[in-house]
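> First residue of the sequence shown? That's 10 in the numbering used here, and the numbers climb one at a time after it.
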Amino acid sequence: MNGRNQLTWEEKFDFDLWYVDHASFWLDLKIIGMTLLKVIKRDGINQSSNLPMERFQGMKSSSGDVG
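#1: Need the endpoints of the alpha helix (DSSP H) that T44 sits in, please.
#2: In terms of residues, what are the limits of the alpha helix (DSSP H) holding E63?
#3: With a threshold of 8 Å on Cβ separation, who are the neighbours of D25 within its own chain once the five nearest residues in sequence on each side are excluded?
#4: Considering just the uninterrupted stretch of the alpha helix (DSSP H) at L26, what are its terminal residues?
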C-alpha cells in the first residue's frame, strides 16, 4: 500500500521484510483501515495507459548478479 507502483521492487521487498518483523493483529487492522480509506477516496489510482510498473526481473545479489 505504501507507494504502490511508484516503488522499486527492492523497496517493496524492504516493506515486506519490515512487515514480517512487525506483524501483529493491530498492524493488520491498521493496514486494512488505511486500505479502505484509500479505496473510498480513490487515492493513488494509476489512470495512465502505460503499464503500472516494471516487470520483476529477479533480485540483484551482493555481487551484482541478477538471480
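Where a beta carbon is used, it is the ideal one built from N, C-alpha and C, also for glycine.
The relevant details are as follows:
#1: The continuous alpha helix (DSSP H) containing T44 extends over residues F34 to K50.
#2: For E63, no alpha helix (DSSP H) segment is defined, and its DSSP state is neither H nor E.
#3: The beta carbon of D25 sits closer than 8 Å to none of the beta carbons in its chain outside the five residues before and after it.
#4: Residues W18 to H31.
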